[in-house]
Amino acid sequence: DAEITQSPRHKITETGRQVTLACHQTWNHNNMFWYRQDLGHGLRLIHYSYGVQDTNKGEVSDGYSVSRSNTEDLPLTLESAASSQTSVYFCASSIVPTDTQYFGPGTRLTVL
Amino acid sequence: AQSVSQHNHHVILSEAASLELGCNYSYGGTVNLFWYVQYPGQHLQLLLKYFSGDPLVKGIKGFEAEFIKSKFSFNLRKPSVQWSDTAEYFCAVNARAGGGNKLTFGTGTQLKVEL
Numbered sequence: 003d004a005e006i007t008q009s010p011r012h013k014i015t016e017t018g019r020q021v022t023l024a025c026h027q028t029w030n031h032n033n034m035f036w037y038r039q040d041l042g043h044g045l046r047l048i049h050y051s052y053g054v055q056d057t058n059k060g061e062v063s064d065g066y067s068v069s070r071s072n073t074e075d076l077p078l079t080l081e082s083a084a085s086s087q088t089s090v091y092f093c094a095s096s097i098v099p100t101d102t103q104y105f106g107p108g109t110r111l112t113v114l
Numbered sequence: 123a124q125s126v127s128q129h130n131h132h133v134i135l136s137e138a139a140s141l142e143l144g145c146n147y148s149y150g151g152t153v154n155l156f157w158y159v160q161y162p163g164q165h166l167q168l169l170l171k172y173f174s175g176d177p178l179v180k181g182i183k184g185f186e187a188e189f190i191k192s193k194f195s196f197n198l199r200k201p202s203v204q205w206s207d208t209a210e211y212f213c214a215v216n217a218r219a220g221g222g223n224k225l226t227f228g229t230g231t232q233l234k235v236e237l
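Taken in sequence, the protein lines are chains A and B. Read in order, the letters of the first sequence correspond to residues 3 to 114 in the working numbering. Read in order, the letters of the second sequence correspond to residues 123 to 237 in the working numbering.
Below you can see the structure in the form of structure tokens.
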């Protein structure tokens with residue numbers, strides 16, 4: 003079955019370190035999204051991509067970057083981790099940007 | 123910019139009680155509307171969606187939602203909840219013409235169903 007996976011599932015890091023969260027989908031979807039989930043804020047869009055070599059900033063993109071070198075993967079990089087980036091991160095993909103998004107299991111990131 | 127409001131942040135119900143979770147959005151154009159559910163420790167999954175047609179849509183596990191355009195609302199309902207419905211529920215909106223093909227989520231409603 004097609005799926006979307008994220009790794010690692012849990013990570014603890016220190017302030018100032020670079021961190022990369024992986025997202026891999028086997029749906030063959032062109033559209034991929036990264037969200038962070040925080041209490042009281044729901045899910046907020048960090049970055050998204052409509053296809054290979056395409057990346058776009060979402061509403062909370064500061065301090066994050068993504069790259070899309072193939073259809074299956076959209077890694078999320080925190081250039082210099084900050085405590086404010088402690089959160090749960092979800093990756094999602096969709097066939098059509100305006101239609102159902104399929105979510106990965108999430109990565110819980112703690113920045114000390 | 124589009125925004126989504128979920129007014130009930132925490133709801134506690136007894137089994138067999140009826141459920142209605144409110145969702146309002148702010149966008150005057152055509153929208154796609156979604157309800158997602160996140161069970162404890164799991165990822166988000168789609169409950170139901172509305173794009174066009176019959177404003178009363180049915181989803182999985184006995185859930186339904188009604189789109190009322192004049193009220194900019196898409197409330198989620200279930201006639202009789204079960205303990206297994208304990209989860210967090212998110213309303214999401216895509217403004218097809220002006221939303222940039224992105225989903226905007228509400229802040230979520232935490233539902234706890236007691237035995």
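Every residue, glycine too, gets a C-beta built ideally from N, C-alpha and C. Fair warning: this is a prediction, and the values are worked out from it, not measured in the lab.
Taking C-beta atoms under 8 Å as the contact rule, Y211 of chain B and G181 of chain B fail to qualify, at a distance of about 11 Å. Sequence-ordered contacts of the stretch 21 to 51 of chain A with chain B read G42, H43, G44, L45, L47 and Y50 [C-beta pairs closer than 7 Å]. A straight line joining the alpha-carbon of K183 of chain B with that of A139 of chain B spans about 15 Å. Check the Cα spacing between V235 of chain B and each of B:Q124, B:Y161 and B:P177: the tightest is with B:Y161.
Between the alpha carbons of F35 of chain A and E142 of chain B lies a distance of about 29 Å.
Within the model, the alpha-carbon separation for I134 of chain B versus S206 of chain B is close to 13 Å. Within a 10 Å sphere around the beta-carbon of S71 of chain A sit fewer than 16 other beta-carbons, which makes this residue exposed. The alpha helix (DSSP H) runs lying completely inside the stretch 12 to 100 of chain A and spanning 4 residues or more number zero. Look at L233 of chain B: its C-beta is not under 8 Å from any C-beta on chain A.
For K191 of chain B, the three-state secondary structure derived from DSSP is helix.
Residue range S125 to S127 is occupied by the beta strand (DSSP E) that includes S125 of chain B.
Taking 8 Å as the threshold, the shortest C-beta distance from T102 of chain A to chain B falls below it.
Among the CB atoms of chain A, none fall inside 8 Å of the CB of G144 of chain B. S148 of chain B sits in a strand when the DSSP states are folded into three classes. Between K59 of chain A and P77 of chain A, the alpha-carbon positions lie close to 14 Å from each other. Judged by their CB atoms, S148 of chain B and Q124 of chain B are nearer to each other than the 8 Å cut-off.
P107 of chain A has a beta carbon lying within less than 8 Å of a beta carbon in chain B.
C-alpha of T100 of chain A to C-alpha of K224 of chain B: approximately 7 Å in a straight line. Its Cα nearest to that of L155 of chain B, the residue A:Q103 stands out among A:H43, A:Q103, A:S82 and A:T112. Linking F173 of chain B to R19 of chain A through their CA atoms gives a straight-line distance of about 43 Å. By alpha-carbon distance to V113 of chain A, the top candidate from A:T7, A:I97 and A:T22 is A:T22.
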